Amino acid sequence: MRETKEINALLHLIDDPDEEVFSTVSERIVSYGKGIIPNLENLWENTPDETTQERIELLIHSLHYRDLKTNLSDWGKLENPELLQGALLIDRYQYPEVSFNGITQELERMRRNIWLELNNYLTPLEQVNIINGILYNYYKLKGTEVAYTNPDEFFLHKVIESKKGNAISTGILYAALCQLLDINVLPVNIPRQFILGYFDPNYDVLHAGGNPAHKIQFFLDPMTGQVFTHKDVETYFKRISVPPIPTYYKPLTPKRTIQLLTEELSKCFGSQPYKQAELAQLSQLLGD
């Protein structure tokens, strides 16, 4: 952004020790939008004071965050928001410069490798076995239990790069690939777990009636690809002493899935309350 007299004055006030002055300056700088980020980056490079550098970093973060809120809100208002797009938007919370093109190209390579092995005569279980073989054997994808010590395990592009993620991120990757392949595998609302259900091909999430459990052929653990039967899931409900009501078998919508991803990701930032508050705001943007 071309540096005007006002911008120049604002940049020189970033190191003002008066918090009220800095707060006013911050609001004005953020109002310029992302176009002012190169000016801030140039200032950061030429500022030896660490405290001022931290202020500049927070301003740049605020500008990216403001942009992300707009994009996520727009995504949530779509009639049929894509799960993949929502997950990639959340990646931009921590990695605002991440390229969507590189990720989608890698996903397309994964999709193509799976598609080449599929045909119209395969049973659902045979289809899943092919997907599992490509993901877990060929690509060496490894799933881990959800923990809150490594935020990168929640970000889809990091999962694709490292071939390692938790149940939520690998589940989103698996479901997103199935969506690209027109295979009806969706996250399911089972308590305290993130698992996938293979739904009947004609199951319409938006206009479904009756008990959704009757439309699920089997379940999948996205960390390993292991298949679970209805009996396995019923045994799980007994173990946790929770009645298996129909609601628990409903597929999670893309919006609810990204809400869950955001809520769980926020638990990684216990030492940074402002990030927890921001992620809570992102989750609220998707609330019905």
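Just remember that my numbering sits 490 ahead of the position in the sequence shown, which is counted from 1. Glycine included, every Cβ here is placed at the ideal spot set by N, Cα and C. These numbers come from a predicted model, not from an experiment.
Take the alpha-carbon of Q575 and the one of K765: they are about 21 Å apart. In this structure, L530 lies away from R518, with their beta-carbon atoms at least 8 Å apart. V678 and F709 do touch by the CB rule: their CB atoms are close to 7 Å apart, below 8 Å. Taking the Cα positions, G592 is about 22 Å away from P744.
Residue burial annotation: R602 is exposed, with fewer than 16 other C-beta atoms found within 10 angstroms of its C-beta.
Cβ contact annotation for D506 (same chain, cutoff 8 Å, sequence separation greater than five): F512 and V515, in chain order. When DSSP states are grouped into helix, strand and coil, K740 belongs to the coil group.
If you draw a straight line from the Cα of Q584 to the Cα of I680, it comes to about 28 Å. By the criterion of a C-beta distance shorter than 6 Å, F644 is surrounded in its chain by S659 and L755, once the five residues flanking it on both sides are discounted.
Contact between L646 and L663 holds, since their C-beta atoms are separated by about 6 Å, short of 8 Å. DSSP places Q707 in the uninterrupted beta strand (DSSP E) bounded by I706 to L710.
Per the Cβ contact rule, the region 715-735 is in contact with the region 615-630 (3 or more Cβ pairs under 8 Å). Here F684 is actually not in contact with I706; their C-beta atoms are around 15 Å apart, not less than 8 Å.
In the structure shown, the three-state DSSP call for I519 is helix. Between L772 and L562, the gap from beta carbon to beta carbon is short of 8 Å. Cβ-Cβ distances below 6 Å link E753 to S773 in the same chain, with the five nearest sequence neighbours on each side left out; the list follows chain order. S552 sits close to V520, with the two beta carbons spaced by under 8 Å.
For L676, the enclosing beta strand (DSSP E) begins and ends at V675 to V678. Per DSSP, reduced to three states, the secondary structure at N656 is strand. Annotation: the continuous alpha helix (DSSP H) that includes Y764 extends over P763 to L775. Around the beta-carbon of T560, fewer than 16 other beta-carbon atoms lie within 10 Å, marking it exposed. Membership of Y583 in the alpha helix (DSSP H) is indicated by the continuous run L573 to Q584.
Residue burial annotation: G633 is buried, with at least 16 other C-beta atoms found within 10 angstroms of its C-beta. Bounds of any alpha helix (DSSP H) do not take in T634; it lies within the beta strand (DSSP E) bounded by K632 to T634. Judged by DSSP in its simplified three-state form, F727 adopts helix. In this chain, the beta strand (DSSP E) harbouring F689 covers I685 to F689. Residue environment for Y555: buried (at least 16 other C-beta atoms within 10 angstroms of its C-beta).
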